[in-house]
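So for the sequence shown, the numbering used here puts the first residue at 1369; every next one is plus one.
Below is one structure, written out as structure tokens, with a few remarks after it.
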Amino acid sequence: MKTKPAITLYHSPASRAFTAYWLLEELGVPFQVVNVDIRKGDQKKKDYLKLNPSGKVPTLTDGKVVVSENPAICIYLADRYGYGGLAPKIEDVDRGAYLKWMVYSTAVLDPLISLHPKHIDLPGAETGFGAFDDMVEVLAKAVKGRKYLLGDRFSAADVMLGSTISAALRRKTLPETPALLDYNARLTVRDAYHRAADATWPEWLFV
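What follows is the structure, given as structure tokens:
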């Protein structure tokens, strides 16, 4: 009898849960997927809210461990199953930069992308998140002249930040600078990226 994988990813197609799915593919660990149809309101059902009271995807369970929020899920997975390959160890000199980029998407990039195209005048936004153009420059400098965020070393930070950059470039909500396009091209040719995309992106996303 086949052993049931310990890891379960609660996922919805064409959602931010793609990031965790991509990282699981990179790690090569067995996992199963439970589809949560957010367009039908499955994320607000009683059983799911017991796992994630916020009613959002993704949520990951690993045995009795329950983790929600993309950065937390990806940090957990890379530390638990990366065996030093996709996450610098605590004492590694790159650990600080790694953690910064692991949370940059949700702390800075996503809020600024959401505000910028809508021309929302939110008092204090630039003080808190920074200016949109400054953020683009920071990203471009971070990947210009190097393969990945940590130099030649691919890490979970590239999955975390790269998934947001890739989606933003596809939706035209991030400028197509040469540095960002080159970086995105390096990420989107990876086999694990394609396996995750094939499994999670519905056909209507490209219509």
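For each residue, glycine too, the CB sits at the ideal point set by N, CA and C.
For clarity, every value in this text was computed on a predicted model and none was experimentally measured.
Query	Result
Going by CA-CA distance only, name the one from Lys1457, Thr1568, Leu1445, Leu1419 that's closest to Val1434.	Leu1419
Quick check: the Cα distance between Leu1377 and Thr1427, rounded to an integer number of angstroms?	6 Å
What does a CB cutoff of less than 7 Å around Val1404 pick up in its chain, not counting 5 residues either side in sequence?	Tyr1378, His1379, Ser1380, Asp1410, Gln1411, Tyr1416, Val1425
CB Ala1508 to CB Ala1547, shorter than 8 Å?	yes
In whole angstroms, what is the alpha-carbon distance linking Gly1496 and Ile1481?	For Gly1496, the predicted model reports a pLDDT of 47, less than 50, meaning its position is unreliable and no value from the coordinates is stated.
For Val1434, does the three-state DSSP call read helix, strand or coil?	strand
Give me the Cα-Cα distance between Trp1597 and Lys1414, rounded to the nearest whole angstrom.	As shown, the chain starts at 1369 and ends at 1575. That puts residue 1597 outside it, with no answer to give.
CA-CA distance, Gly1474 and Tyr1466?	This sequence places Thr at residue 1474; Gly is not what is there. Distance between the alpha carbons of Thr1474 and Tyr1466: 14 Å.
Please classify Thr1576: does DSSP put it in a helix, a strand, or coil?	Outside the displayed range of the chain (1369 to 1575) lies residue 1576, so it cannot be described from this structure.
Between which residues of its own chain and Ala1510 is the CB-CB distance below 7 Å, once the five residues before and five after are set aside?	Leu1517
Have a look at Leu1542, Gln1400, Asn1438, Pro1479 and flag the residue whose alpha-carbon is nearest the alpha-carbon of Ala1524.	Asn1438
Measure the Cβ-Cβ separation of Ala1564 and Glu1459 and say whether it is below 8 Å.	no
If you run the structure through DSSP and keep just helix, strand and coil, what is Arg1563?	helix
Could you give the distance in angstroms between the alpha-carbon of Tyr1444 and the alpha-carbon of Thr1556?	23 Å
Going by beta-carbon coordinates alone, are Met1528 and Thr1429 separated by less than 8 Å?	no
Please state the DSSP three-state secondary structure of Val1401.	strand
Whose C-beta lies closer than 7 Å to the C-beta of Ser1422 among residues of the same chain, with five residues either side of it excluded?	Ser1436
Taking the beta carbon of Ala1446 as the centre, do at least 16 other beta carbons fall within 10 Å, making it buried, or is it exposed?	buried
If you draw a straight line from the C-alpha of Gly1464 to the C-alpha of Val1471, how long is it?	11 Å
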